[in-house]
Amino acid sequence: MHIIVIGGGLAGLAAAVRLRRRGIRDFLVLDRGDRVGGTWRDNTYPGAACDVPSHLYSYSFALNPGWSRSFSPQPEIQAYIEKVARRYGAAEHQVTECEVLGARWREEAGLWEVETSRGTYEATVLVGAFGALCEPALPDIPGLASFAGEVHHSARWDHGTELAGKRVAVVGTGASAIQIVPAIAPHVAELRVHQRTAPWVMPRLDRGYSRAERFACRWVPFYQRTWRAGLYWAHEAQAIALAKVPALLKPVELLARAKLRREVRDPAVRRGLRPDYALGCKRILLSNTYYPAFNHDHVRLVTDAITEIREKSVVTADGTEHPTDVLVFATGFHVTDSPMYERITGADGRSLAEVFATVGRRCYKGTAIAGFPNMFLLVGPNTGLGHNSMIFMIESQVRYLLGALDAMRERGLRRVEVREDAQERFYQGLQSALARSVWNTGGCASWYLDRHGANTTMWPGFSYAFRRITRTFDIDAYHIAR
Ligand code: NAP
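Its first residue numbered 68, the sequence shown is counted upward by one per residue in my numbering.
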């Protein structure tokens with residue numbers, strides 16, 4: 068069995084490590100970047116850090132007693148990922164600077180043909196670990212191409228650009244923007260934050276770990292595992308409010324409003340920063356420095372929509388022309404419309420993009436898709452979490468993948484493809500569970516919802532429930548062929 072994994076981020080790396088541990092060596096991990104790391108390799112913007120505690124946001128098979136703080140910065144996370152890749156031998160399977168241009172299921176041969184920038188590969192099993200947060204999205208603003216200054220996307224930061232003394236416009240106020248704004252504010256002449264929707268911001272309980280704590284993590288039996296378990300269950304409890312009883316979030320809104328009142332001096336700015344939808348509907352952001360940044364005279368909040376970009380300025384709906392030297396787009400990613408969907412072609416000759424365009428992002432357990440035999444996605448549709456570590460979901464999916472590979476090997480199967488009826492039942496169950504979630508009912512537009520309004524992004528509830536349904540490969544849900 069030959070396996071191709073597309074993507075060497077946290078998901079692809081988890082698959083690689085587990086495959087090796089299972090004694091499987093006949094696989095490659097293709098990645099367009101020059102190193103492992105995926106979104107953590109790409110997001111090097113000033114202030115980049117994780118907003119899930121590091122002791123939770125790490126692999127169960129590679130705990131890291133050395134985390135420097137509760138929410139580690141990007142370079143530390145990237146170093147961790149690279150270390151794991153080396154230590155567990157995954158690096159041997161990595162093909163870097165190898166962009167996947169197309170993957171096509173060849174029914175007669177019973178294999179995937181994967182065309183890349185470095186040649187064509189064949190695989191009996193294709194693992195799509197290309198993630199959700201990998202393809203930067205730029206808004207379609209008239210005149211953007213005519214802008215003469217520097218343009219950054221948060222996920223493609225050009226560290227060669229000097230920001231000192233510049234007039235900088237940050238577009239977007241999501242998880243990336245709220246880290247960038249306070250990080251660059253002290254260095255620029257003028258900073259405008261172009262906000263379309265105000266985010267909910269909660270305190271970030273971040274602190275450095277003492278040497279004693281790091282020592283205990285390394286040497287005291289069960290100390291780190293117990294700590295991690297405590298973090299896991301504390302986060303897991305939040306699923307009740309987000310996915311099942313959003314009314315529980317109302318008191319939390321009061322706390323967030325109090326934080327806004329306390330941290331922003333100007334009442335007009337405070338009004339602009341106040342969200343008008345339910346907390347949790349979009350990702351809840353954690354920051355102690357975002358709101359205070361607006362107390363600086365040179366930092367301004369702009370809530371009028373951007374209507375046009377000119378050679379040296381940004382024009383907003385109120386007719387104001389804002390002189391601008393640098394544009395920073397912290398405008399997120401192509402999540403529900405990943406370009407990879409156009410490149411993967413299934414058994415009936417249609418691409419994933421075409422299939423999704425007709426039936427929506429229907430998927431079985433976030434992993435298998437009817438019409439795409441021997442293909443397993445990691446971080447596929449409806450595996451997103453608003454409350455816990457994605458690594459937990461990834462490891463659950465990898466376990467399911469290994470179960471599928473075991474079943475194929477033990478039973479001599481040439482082809483497994485999820486049954487459409489099983490996929491449909493699963494999808495309908497998800498949608499009815501999500502109907503009461505805050506993501507669906509909270510009164511906001513977000514990338515959790517696709518253009519038909521269906522929530523094909525989030526997992527509706529406890530991550531352990533996902534672990535339970537992915538614990539064993541349920542072959543009855545699949546068409547199989549020898
Ligand atoms: P995002 O959450 O999708 O936010 C994009 C922002 O851009 C939103 O505020 C959006 O406004 C705004 N926007 C888009 N088009 C615009 C336009 N034409 N004019 C003005 N504003 C516009 O993207 P992100 O901040 O990069 O975060 C994406 C995800 O990455 C997060 O949800 C999180 O899962 C992950 N992330 C995690 C961390 C971490 O600490 N672990 C850090 C960064 C990112 P609307 O709200 O109105 O759409």
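No residue lacks a Cβ here, since even glycine has one placed at the ideal position from N, Cα and C.
A quick note: this is a predicted structure, and the numbers were derived from the prediction, not measured.
S499 CB to nearest heavy atom of the ligand NAP below 7 angstroms: no
Closest Cα partner of L460 within the set A81, I73, I70, G75: Before going on, a small fix: residue 460 reads as Met here, not Leu. Nearest option by C-alpha distance: A81.
The beta strand (DSSP E) enclosing I373, as first and last residue numbers: 373–377
Any non-hydrogen atom of the ligand NAP within 7 angstroms of W267 CB: no
T398 versus L97, G195, E159, L205, residue with shortest Cα-Cα distance: L205
Contact check, I208 vs I373, beta carbons under 8 angstroms: yes
L445 versus I351 - alpha carbon distance: 24 angstroms
Straight-line Cα distance separating A414 from Q189: Checking the displayed sequence, the identity of residue 189 turns out to be Glu instead of Gln. The straight-line gap from Cα to Cα measures roughly 15 angstroms.
Length at least 3, wholly inside the stretch 157–244: the beta strand (DSSP E) runs in chain order: 167–173, 178–183, 186–190, 192–195, 217–220, 234–238
Three-way DSSP call (helix, strand, coil) for N522 in this model: strand
Contact under 8 angstroms by Cβ, Y357 with P249: yes
Length at least 4, wholly inside the stretch 242–272: the alpha helix (DSSP H) runs in chain order: 244–251
I536 (DSSP reduced to helix, strand or coil): helix
Buried versus exposed, by CB contacts within 10 Å (16 or more), F396: buried
Candidates G114, I73, S137, of which the one nearest Q291 by Cα: S137
Cβ-based burial, G195 [other Cβ within 10 Å; buried from 16]: buried
heavy atom of the ligand NAP below 7 angstroms from V238 C-beta: yes
Which residues DSSP lists as bridging S418, in chain order: T412
Sub-8 angstroms separation of R503 and K311 beta-carbons: yes
Heavy atom of the ligand NAP within 7 angstroms of W224 beta-carbon: no
Nearest-angstrom Cβ-Cβ length linking L480 and R549, presumed shorter than 8 angstroms: 6 angstroms
Residues bridged to I542 [DSSP beta-bridge criterion]: Partner(s): none; I542 has no beta bridge.
Any non-hydrogen atom of the ligand ZN within 7 angstroms of R87 CB: Inclusion of the ligand ZN in the displayed structure is not the case, the ligand content consisting of the ligand NAP alone.
G433 vs N449 beta-carbon contact at 8 angstroms: yes
Any non-hydrogen atom of the ligand NAP closer than 7 angstroms to R549 Cβ: no
Three CB pairs or more closer than 8 angstroms across the stretch 336–347 and the stretch 373–386: no
Per-residue DSSP class, three states only, for R136: strand
Cβ neighbour criterion (16 or more within 10 Å) applied to F289: exposed
N522 classed as buried or exposed, judged by whether at least 16 other C-beta atoms fall within 10 angstroms: buried
L368 Cβ short of 7 angstroms to the ligand NAP heavy atom set: no
Closer than 8 angstroms to chain D by CB, V268: In the structure shown, chain D does not exist; there is a single protein chain.
Three-way DSSP call (helix, strand, coil) for F289 in this model: coil
Y124 (DSSP reduced to helix, strand or coil): coil
Identity of the residue in L123, A323, F529, A544 nearest Y431 by Cα: A544
Run of the beta strand (DSSP E) containing P390, from where it starts to where it stops: 388–390
Helix, strand or coil at F529 [DSSP, three-state]: coil
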